[in-house]
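S.K.: The listed protein sequences derive, respectively, from chains A and B. Just so you know, we're using my numbering here: the first sequence kicks off at 2 and counts up by one. Just so you know, we're using my numbering here: the second sequence kicks off at 575 and counts up by one. Yeah, the Cβ is synthetic: ideal placement off N, Cα and C, and Gly gets one too. In this text, all values refer to a predicted model and were calculated from it rather than measured experimentally. Dumping the structure here so I can ask a few things about it.
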Amino acid sequence: MSISMVYSLKDLTAIIPELILTGFAFAILLIDLWLPKRLKTLNGLLALFGVIFAFAAVVVMYNANMTAFNNMIVMDKASNFASIIMLITAFVAIIMSFDFLKREEINLGEYYEVLLFSLVAMQILASTYNLIVMFIAVETLSIGMYILTGFLRDKDESVEGAMKYFILGSFASTFLVLGIGLFYGLFGSVDLNVIKSSLSGASSFYKWISILAFLFVFVGFGFKIAAFPFHSWTPDVYASAPTPMSAFMSVAPKAAAFLALLRFLAVGMGPIEPNWTKVLWVVAVLTMTFGNTVALWQKDLKRLLGYSSIAHAGYMLVGIVAANELGYGAVMFYLFSYVFLNLGAFSVAELISKKEDRGTEIENLKGFGYKHPLIAASMLVFMFGLAGVPPTVGFVGKYYLFSAAVKSHLYWLAIIGVVNSAISAYFYLNVIVTMYMKGENESKLELFNSVPVKAVVLLAAICVLYIGIFPSSFLDIALGSIGF
Amino acid sequence: MDMNQLHFPILTTITFLPLVGAFLVTLISEKNEGLIKYVTFGFLVLDFIISLPLFFYFDPTTYHMQFVERVPWIKSLGFQYYVGVDGISLFLVLLTTFLTPIAQLSTWKAIDKKVKLFNIVILLMQTGMLGVFISLDVFLFYVFWELQLIPMYLMIGIWGGPNRVFATMKFFLYTFAGSVFMLVAIMALYFLHHKYTGTYTMDMVQLMQQPLPHHLQLWLFLAFFIAFAIKVPMWPFHTWLPWAHVEAPTAGSVILAGVLLKMGTYGFLRFNLPMFPDMTHAFAVLVIVLSIIGIFYGAFVAMVQPDIKKLVAYSSVSHLGYSMLGMFALTQTGVEGSILQMVNHGISTGALFLVVGIVYERRHTRLISEYGGLAYLVPAFAAFFMIFTLSSIAVPGTNGFVGEFMILLGAFMSKPVYGIIVAFGGLFSAVYMLTMYKRVFFNKVTNPKNLGLTDMNLREWLYLIPLLVFVFWIGIYPQTFLSKMRVSVEHLLKQVNRTTVEANVNTTQISLTKTVVVKKG
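Written as structure tokens, this is what we have:
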């Protein structure tokens, strides 16, 4: 196989959104040098525009179905849908960052550049069938995340979180690259379609080695999606990273990693489906049960959301284990719904946080329901949504994940899933209990005075309810985005 | 066959009108408490008035769903916004629209904090409850079923008594855990229907007609059973109920007893009986035994309660045992009695919670030992309390008598031994209710704090009289109500008694068994 290094204009059209983002990132890099300190918000605005233009490009090319760079990059509905999720997340994270960076006095241009570059890496990760491209994308986005986690340089926890994240992340990457190496050794290719066709005719010995390779690759991905037992970085990192970045990290890289995992499993590992569904069945059960159980004891809102995000990754794995089109579509819809639920909840966490990003203990929410009725009501919506109670989008998402499992006759998996929802209801309700049923008239909690964040909270709550009640068109798009 | 004789979306209107009311209330300033209460009450009364044509235009000669509305909702999966009522749900819808304004009126003075939020919650609850009773799409049903948990959760948790947080958690987690099993069963039902017919639908009427093989019926029956048994609540799934009742504010208890518990019994009638007929027959004995235990257990525990409200709460466990017993007697009279008893329990127990609330508002205690001789001090109140007590213990002439008598009769027809055992249950309920009444209202006035008690005011008269009317109306001329449910119940029993379905679905399996038998022979 010879790889030609020549590429055409057609190749470039397939990565227009990524090019736009890269362009804006470089623009920030240059402009930041000349900006006086008081105008640093301009960086954020530039990043915001970059995201908006990229979003427009994705929407315009939504139905495009093309491959580029010798089949290394694909642009299909799935990658575009994932891009939409990531871009909405980035949009909100940037809005959240404006006032945050000012308060923390770290208003630096690098923040937005790194954010945009890692966004590019995520989009590449979501749009490839090539294992090496996946690896490079995973590494690039991870480096961005490590930097952003430690961005609060004066706060020890932040630095410590970044360090933990980096060390564990490098460890996981080693497994990923080892797995990829094995696949290349076995089949002489890193293209998932080639691996698939070679694998279906392979001898049983090759199949066994492939299962080993699959396990190695899964360790790498398991780390990115925070599946048990590769989850241990999540709560520390979410709790210590700047809140807008915790919000960003809990959704965008997951969307990319889940789609890449879907492509890897559904396409590349298609011939050994019975093997990987068994492994993932166990991982899914452990992930959701672990996440939910440990979340029961959390006292800090950001840590709670960290553990809850582990549990939610477990739910999404249920959709993958179901291994049918409904399940894959459900994973996409769930990621989409997760944007509003998690961004909303993290935005509330940011609103109650104080300087140095502290003060997010759940105890601080006492009497919150009466002091700030609208924001608290939104939080109530997010909590019921994360618990999966109708009529929120969280219920619709879970409904499809579990019904995909039932469709594949995985009744026990579905039952364990719904029992987990019942367990999770406890700690989400605990937040509501604290807001509305404790310390009614003694709340002294002042909100972080950021109008954009408040707007994000309200808008997210409206979306959670609106999409929860009228999910039809969103579902059609999500279910229709999976074509492999 | 769809019919909507009014050619007007009456069910949608009554269900979502309270939601409109809730929105309007959010716009009123928190300080204007009077206006908030009047607007809420106005919406609830209007809702009741609009629901009345349901009764007058209801056609008792057909078992088909009536006042039907059908709009596609999630098209790609075949879910619909599909609503309608038959002779079984009709009275539960009317009971809801009738009881909620009464409950709200009782809060006029009792709720003195967060009045605005309280009234919003009551309006939302009305929407959720009505939605459950009118839904004919299973997915829609489930959405409403879960939705109404939220307002009740807030109501107990914010306006409840000292142990309210524990009570709300227990209430929410119990019922939520129960209903998640139902969710899995609903999914399975949906895919099974597709497997047998090739169409994806959540249409309750179609799903009811789908015969299912025994092993599937078994699991699905059990999953629905758990959800509904917790909601009813049947012994031994009842432990959340006394907590919720005692901690809830009066209006919360009235709605909980009057309507929410009926969602459980209604669920049995809508899902377990028609969809899994073979398992219904198979489990009938077990359910009846649990019901009988519930009847006696509730009565015995009620006897030793020092707190009037807790006593009434445990009496609910006992009364709903009757309802379940009548239902699983699987006779026309038994099922009709069961449905009537649901309405009766809503009226009588609702009324008892209201009168307990009235005296609690004045004295801030519900301990029986704190009272005595009230009949001399507050005669009108004592009279009302007496009538509701008599209706609760099923004295002839009151609604309770008709319901319990029909249930006993139905049980006798099914198996005389059930009837004989349960007849004693009625005896015990008389013991604890009358003992309580005697200790509170007769003897001498021993506690000087009671001397200052005032009798009922106009508002209290106003909301108790309608309940009184129904106690006697149903008690003296139940035909008005029974005639409307007869055909629907007949149809339900026809579904329950349809021939065993194993033959229809698993013909291959049967032929295999035959071969084995032949070989052995």
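To the nearest angstrom, how far is it from the Cα of B/I708 to the Cα of A/M380?
M.R.: If you take the alpha carbons of B/I708 and A/M380, they lie about 30 Å apart.
S.K.: Starting from B/Q780, trace the beta strand (DSSP E) in both directions and tell me its first and last residue.
M.R.: Segment 778 to 782 is the alpha helix (DSSP H) holding B/Q780; no beta strand (DSSP E) there.
S.K.: When you compare each of A/S171, A/G271, A/G221, A/I417 to B/F755 by their alpha carbons, which one comes out closest?
M.R.: Among A/S171, A/G271, A/G221, A/I417, the Cα nearest to that of B/F755 is on A/I417.
S.K.: Taking all protein chains shown into account, do 16 or more other C-beta atoms lie within 10 angstroms of the C-beta of A/E114, making it buried, or fewer, making it exposed?
M.R.: Looking at its Cβ environment, which holds 16 or more other Cβ atoms inside 10 Å, A/E114 is buried.
S.K.: Identify which residue in A/S247, A/Q299, A/T290 has its Cα closest to the Cα of A/F101.
M.R.: It is A/S247.
S.K.: Should A/G328 and A/Y308 be called a contact, given that it needs their Cβ atoms to be closer than 8 Å?
M.R.: No, the pair does not count as a contact, with Cβ atoms beyond the cut-off.
S.K.: Between A/G223 and the rest of its own chain, which residues show a CB-CB distance below 6 Å, the 5 nearest in sequence each way excluded?
M.R.: Hits under 6 Å: F231.
S.K.: B/M726 lies in the alpha helix (DSSP H); which residues open and close that run?
M.R.: Where B/M726 is concerned, the enclosing alpha helix (DSSP H) stretches over 723 to 733.
S.K.: So that I know if they touch, is there some Cβ in chain B lying closer than 8 Å to that of A/M380?
M.R.: Chain B, which has no Cβ nearer than 8 Å to the Cβ of A/M380, makes this no.
S.K.: Leaving out five residues before and five after A/V286 in sequence, what residues of the same chain have Cβ atoms less than 6 Å from its Cβ?
M.R.: The residues are I417.
S.K.: Just mark B/G772 as buried or exposed, buried being the case when its beta carbon has 16 or more other beta carbons within 10 Å.
M.R.: Exposed, by the Cβ-count rule.
S.K.: Just the chain B side, please: which residues come within less than 7 Å of A/K408 by C-beta, in chain order?
M.R.: Residues of chain B passing the Cβ test: F765.
S.K.: Please decide whether B/V717 counts as near chain A, where near means a Cβ-Cβ distance under 8 Å.
M.R.: Yes, contact with chain A.
S.K.: Express the C-alpha separation of B/L580 and B/T1082 in angstroms, rounding to a whole number.
M.R.: Below a pLDDT of 50, predicted positions are generally treated as unreliable, and B/T1082, at 42, falls in that range; no measurement from the model is reported.
S.K.: Helix, strand or coil for A/P254? Go by DSSP, reduced to three states.
M.R.: In this structure, A/P254 counts as helix in the three-state DSSP scheme.
S.K.: Since B/L628 and B/F641 should fall inside the 8 Å C-beta cutoff, what is the C-beta to C-beta distance between them, to a whole number of angstroms?
M.R.: Confirmed, about 6 Å.
S.K.: Between the alpha carbons of A/T90 and A/F259, how many angstroms are there, rounded?
M.R.: In a straight line, the C-alpha of A/T90 is about 15 Å away from that of A/F259.
S.K.: In whole angstroms, give me the CA-to-CA distance for A/M436 and B/S603.
M.R.: Going from the Cα of A/M436 to the Cα of B/S603 covers about 21 Å.
S.K.: Of all the residues that make up the region 636 to 654 of chain B, which are near chain A by a beta-carbon distance shorter than 9 Å?
M.R.: Those residues of the region 636 to 654 of chain B that come within reach of chain A (Cβ to Cβ, closer than 9 Å) are P646, W647, I648, K649, S650, L651, F653.
S.K.: Are the Cβ atoms of B/F746 and B/Y774 separated by less than 8 Å?
M.R.: Their beta carbons are not under 8 Å apart, which means B/F746 does not touch B/Y774 by this criterion.
S.K.: Please confirm whether A/Y147 and A/F118 have their CB atoms less than 8 Å apart.
M.R.: No. Outside cutoff.
S.K.: Determine the direct distance from the alpha carbon of A/A456 to that of A/G360, and round the result to whole angstroms.
M.R.: In a straight line, the C-alpha of A/G360 is about 21 Å away from that of A/A456.
S.K.: Just to confirm, is the Cβ distance from A/W277 to A/F215 under 8 Å?
M.R.: Yes, Cβ-Cβ distance for A/W277 and A/F215 is below 8 Å.
S.K.: Counting C-beta neighbours from all protein chains within 10 Å, is the total for A/W413 16 or more, i.e. buried, or is it exposed?
M.R.: A/W413 comes out exposed.
S.K.: Identify, in the order they occur along the chain, each residue of the same chain with its Cβ nearer than 7 Å to the Cβ of B/V886, setting aside the five sequence neighbours on each side.
M.R.: Counting only Cβ-Cβ distances below 7 Å, and skipping sequence neighbours, we find T923, L926, F927, V930.
S.K.: Can you tell which of B/N973, B/F715, B/M808 has the C-alpha that lies nearest to the C-alpha of B/L1042?
M.R.: The residue with the shortest Cα to Cα distance from B/L1042 is B/N973.
S.K.: Between the Cα of B/L1038 and the Cα atoms of B/A956, B/I676, B/R940, B/I913, which residue gives the shortest distance?
M.R.: That would be B/I676, whose Cα lies nearest to the Cα of B/L1038.
S.K.: Which runs of the alpha helix (DSSP H) fall wholly inside the region 999 to 1053 of chain B and span at least 4 residues, in chain order?
M.R.: DSSP runs (the alpha helix (DSSP H)) wholly in the region 999 to 1053 of chain B: 1032 to 1050.
S.K.: What is the C-beta distance between B/M877 and B/Y1006, in whole angstroms, given that I count them as a contact (C-beta under 8 Å)?
M.R.: Right, their Cβ atoms sit about 4 Å apart.
S.K.: Given this structure, state the Cα-to-Cα distance separating A/F471 from B/I648, to the nearest angstrom.
M.R.: C-alpha separation (whole angstroms): 8 Å.
S.K.: Could you check the C-alpha separation between A/V60 and A/A122 for me, to the nearest Å?
M.R.: If you take the alpha carbons of A/V60 and A/A122, they lie about 19 Å apart.
S.K.: Quick one: list the residues of chain B neighbouring A/M438, beta-carbon separation under 8 Å, in chain order.
M.R.: Within chain B, the residues near A/M438 are G731, I732, R738, V739, T742.
S.K.: Would you mind telling me which residues of chain A sit closer than 7 Å to B/F750, beta carbon to beta carbon, in chain order?
M.R.: Simply A423, A426.
S.K.: Are there 16 or more other CB atoms within 10 angstroms of the CB of B/E643, so buried, or fewer, so exposed?
M.R.: Classification of B/E643: buried, given that the 10 Å Cβ count is 16 or more.
S.K.: Looking at A/N421: is its Cβ nearer than 8 Å to the Cβ of A/T290?
M.R.: Closer than 8 Å, so yes.
S.K.: Within 8 Å, do at least three Cβ pairs link the region 847 to 867 of chain B to the region 781 to 788 of chain B?
M.R.: Verdict: yes, contact present.
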